[in-house]
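Asker: Mind having a look at this structure? Questions to follow.
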Amino acid sequence: MTEAISSHHNEENQQSPLAGLLKSHPETAFDYLEFRFIAAGMSAQMAAERASEKERARITRAFETVVAASEMLDTSAEYEADREFHLSIYAASHNAVMEHVMRNVFVMLHQDVFYDRRQFHGRAGVRELLLRQHKAIYDAVMAREPERARRAAENHVLYIRDTLQESRVAEQRAAVALRRSGRASLVQMNDVET
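Its first residue numbered 1, the sequence shown is counted upward by one per residue in the UniProt record's numbering.
Structure below.
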């Protein structure tokens, strides 16, 4: 058992060649989010239909941990709680392939392969919005409302995509402004010398 835990820990700390390739191409973040849109929606829908009482209890515990981590304003705890919440839903979908794939995807997320998750928590109101989105997913799964669960999960992923796009546009604007200010400084230096 200890070897299995140690092996799992080592897997999370080692980056696969695929992860390295994906990280070197920032545009793959949107490929990931496109895939996650489908997987998250389908798994939430299936979890609402298929979750056993034991799985529903696991989802509830995971959601309660999300709430507690959000209230503590502990970003590391929030990441881990978010991971466990989503994985509990993937497990409750009763689709072993989806659960396995998403478990591996979450390892890459932990390594910030697709994007730096801290980008989201630095923005005003994000923490509260993410908590409301998680609650919407949780409520729909617990109410056994598959379509509502699917829409809530899809909306969550769309929000992440939109926030990432806004963040990247802001970074590009800042880079352009920095380059322009650098050129302006050079022009000013040339004017002083002449």
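Backbone N, C-alpha and C fix where the C-beta goes; we use that ideal spot for every residue, glycine too.
Please state whether DSSP places A68 in a helix, a strand or coil.
Answerer: Of the three classes helix, strand and coil, the one that applies to A68 here is helix, per DSSP.
Asker: Is the Cβ-Cβ distance between A40 and A153 less than 8 angstroms?
Answerer: Yes, Cβ-Cβ distance for A40 and A153 is below 8 angstroms.
Asker: Beta carbon of A149, beta carbon of A57: below 8 angstroms?
Answerer: Against a cut-off of 8 angstroms, the Cβ pair of A57 and A149 comes out as no contact.
Asker: Compare the Cα-Cα distances from L33 to each of T163, V141, V176 and Y90 and report the closest residue.
Answerer: If we check each option's Cα against that of L33, T163 comes out closest.
Asker: Given M142, which residues of its chain have a CB within under 7 angstroms of its CB, disregarding the five upstream and five downstream residues?
Answerer: The residues are R56.
Asker: Does the beta-carbon of L73 have 16 or more other beta-carbons within 10 angstroms, so that it is buried, or is it exposed?
Answerer: Exposed, because fewer than 16 other Cβ atoms sit within 10 Å of the Cβ of L73.
Asker: Is D74 helix, strand or coil by DSSP?
Answerer: Three-state DSSP puts D74 in coil, outside helix and strand.
Asker: If A62 sits next to S88, beta carbons under 8 angstroms apart, how far is it from one beta carbon to the other, in whole angstroms?
Answerer: A62 to S88, Cβ: 4 angstroms. Contact.
Asker: For a test of the three-state rule: what should DSSP assign to A175, helix, strand or coil?
Answerer: Here A175 sits in helix by DSSP.
Asker: Compare the beta carbon distance of F30 and R161 with 8 angstroms and say whether it is the shorter of the two.
Answerer: Against a cut-off of 8 angstroms, the Cβ pair of R161 and F30 comes out as a contact.
Asker: What is the DSSP secondary structure of H86, reduced to helix, strand or coil?
Answerer: Correct three-state label for H86: helix.
Asker: Which one of S167, S52, L158 and A175 has the shortest CA to CA distance from Y90?
Answerer: Y90 has its Cα closest to that of S52, out of S167, S52, L158 and A175.
Asker: Please classify H94: does DSSP put it in a helix, a strand, or coil?
Answerer: If DSSP states are grouped into helix, strand and coil, H94 belongs with coil.
Asker: How big is the Cα-Cα spacing for D82 and Q172?
Answerer: Computed Cα separation, rounded: 29 angstroms.
Asker: Is E145 helix, strand or coil by DSSP?
Answerer: In this structure, E145 counts as coil in the three-state DSSP scheme.
Asker: Can you give me the Cβ contacts of R144 inside the same chain, cut-off strictly under 6 angstroms, excluding the 5 residues immediately before and after it?
Answerer: Correct list, in chain order: A48.
Asker: Is the beta carbon of I137 less than 8 angstroms from the beta carbon of H156?
Answerer: Yes; because the gap between Cβ atoms is below 8 angstroms, this pair is in contact.
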